[in-house]
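Top line first, the protein sequences correspond to chains L and W. Each residue of the first sequence is one higher than the last, beginning at 576 in our numbering. Each residue of the second sequence is one higher than the last, beginning at 325 in our numbering. A virtual CB, placed ideally from N, CA and C, is assigned to each residue, including glycine. Fair warning: this is a prediction, and the values are worked out from it, not measured in the lab. This report refers to the structure that appears directly beneath it.
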Amino acid sequence: DTGVSQNPRHKITKRGQNVTFRCDPISEHNRLYWYRQTLGQGPEFLTYFQNEAQLEKSRLLSDRFSAERPKGSFSTLEIQRTEQGDSAMYLCASSFTRELFFGEGSRLTVL
Amino acid sequence: QQQVKQSPQSLIVQKGGISIINCAYENTAFDYFPWYQQFPGKGPALLIAIRPDVSEKKEGRFTISFNKSAKQFSLHIMDSQPGDSATYFCAASFYSGGSNYKLTFGKGTLLTVNP
Numbered sequence: 576d577t578g579v580s581q582n583p584r585h586k587i588t589k590r591g592q593n594v595t596f597r598c599d600p601i602s603e604h605n606r607l608y609w610y611r612q613t614l615g616q617g618p619e620f621l622t623y624f625q626n627e628a629q630l631e632k633s634r635l636l637s638d639r640f641s642a643e644r645p646k647g648s649f650s651t652l653e654i655q656r657t658e659q660g661d662s663a664m665y666l667c668a669s670s671f672t673r674e675l676f677f678g679e680g681s682r683l684t685v686l
Numbered sequence: 325q326q327q328v329k330q331s332p333q334s335l336i337v338q339k340g341g342i343s344i345i346n347c348a349y350e351n352t353a354f355d356y357f358p359w360y361q362q363f364p365g366k367g368p369a370l371l372i373a374i375r376p377d378v379s380e381k382k383e384g385r386f387t388i389s390f391n392k393s394a395k396q397f398s399l400h401i402m403d404s405q406p407g408d409s410a411t412y413f414c415a416a417s418f419y420s421g422g423s424n425y426k427l428t429f430g431k432g433t434l435l436t437v438n439p
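This is how it looks when you write it as structure tokens:
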């Protein structure tokens, strides 16, 4: 499968714990995006990488969130001190042109 | 501030019927308008997209109609099938620097096609 891969697919954690999600984009894609989707809503932009450089962060990305893309390949999204409001689907997308290709997402449940 | 407004929130259509979903945008800088299809537990999948220099684009049973002056665009699904039952999202983007073409999504339309 050469699509966007995300792991883990599901994560259940207790409030206050840290979680990390990984995204492996389509290999030739230099652009990588993270989105958050809550139930009944459309995806909301969180952050954007071109190669290894993080070029834009949404105001939705609080100080507890950090994203990296070392060497311009895979990316990680870490949430520290999780809160119940962080419960959502975290989607990764990659692109080479204007067409964004999404992974299947990582669903986070914070108890 | 919701930049892309989508309606209806839900839609029920009989098999073989036409499904129509509408979107309106505010930012005139938007210059790329895709539609995504999402099944439960899956990520959004690109269905069809249009740029504002054309008024209509058709791919198979899916057609986008675009009205630049009204800042509206719509998705038409002809001969709707039960397998089309999914959530559909309209989106829009513009170049925001650094090769960033981030998408702004509507809230989605849950389409149910009855057999």
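From the DSSP output, read off the bridge partner residues of residue i.
i              : result
residue 664(L) : 612(L), 682(L)
residue 438(W) : 338(W)
residue 606(L) : 625(L), 670(L)
residue 599(L) : 580(L)
residue 383(W) : 386(W)
residue 399(W) : 345(W), 388(W)
residue 352(W) : According to DSSP, residue 352(W) bridges with nothing at all.
residue 330(W) : 347(W)
residue 677(L) : 668(L)
Rounded C-beta distance between residue i and residue j? I'm assuming under 8 Å.
i              : j              : result
residue 431(W) : residue 617(L) : 5 Å
residue 583(L) : residue 650(L) : 15 Å between Cβ atoms; not a contact.
residue 666(L) : residue 678(L) : 7 Å
residue 579(L) : residue 588(L) : With 8 Å as the limit, residue 579(L) and residue 588(L) do not qualify as a contact, their Cβ atoms being about 23 Å apart.
residue 389(W) : residue 379(W) : 7 Å
residue 345(W) : residue 436(W) : In fact, because the Cβ distance is near 13 Å, the residues do not count as touching under 8 Å.
Could you work out which residue in the options is closest to residue i when comparing CA atoms only?
i              : options                        : result
residue 673(L) : 404(W), 356(W), 343(W)         : 356(W)
residue 391(W) : 405(W), 348(W), 400(W), 364(W) : 348(W)
residue 625(L) : 642(L), 619(L), 638(L)         : 642(L)
residue 607(L) : 581(L), 587(L), 654(L), 614(L) : 581(L)
residue 427(W) : 407(W), 373(W), 398(W), 403(W) : 373(W)
residue 365(W) : 585(L), 660(L), 621(L)         : 585(L)
According to DSSP, simplified to helix, strand and coil, what is residue i?
i              : result
residue 592(L) : coil
residue 358(W) : strand
residue 655(L) : coil
residue 366(W) : coil
residue 426(W) : coil
residue 431(W) : coil
Contacting positions in the segment 613-624 of chain L - beta carbon closer than 8 Å to chain W:
615, 616, 617, 618, 619, 620, 623
Which of the residues in the segment 423-435 of chain W, read from start to end, lie with their CB under 8 Å from any CB of chain L?
423, 424, 425, 426, 427, 428, 429, 430, 431, 432
Taking a cut of 8 Å between CB atoms, which residues from the segment 361-380 of chain W lie near chain L?
365, 366, 367, 368, 369, 370, 373
Chain-ordered residues of the segment 646-679 of chain L with a beta carbon less than 9 Å from chain W:
664, 666, 667, 668, 670, 672, 673, 674, 675, 676, 677, 678, 679
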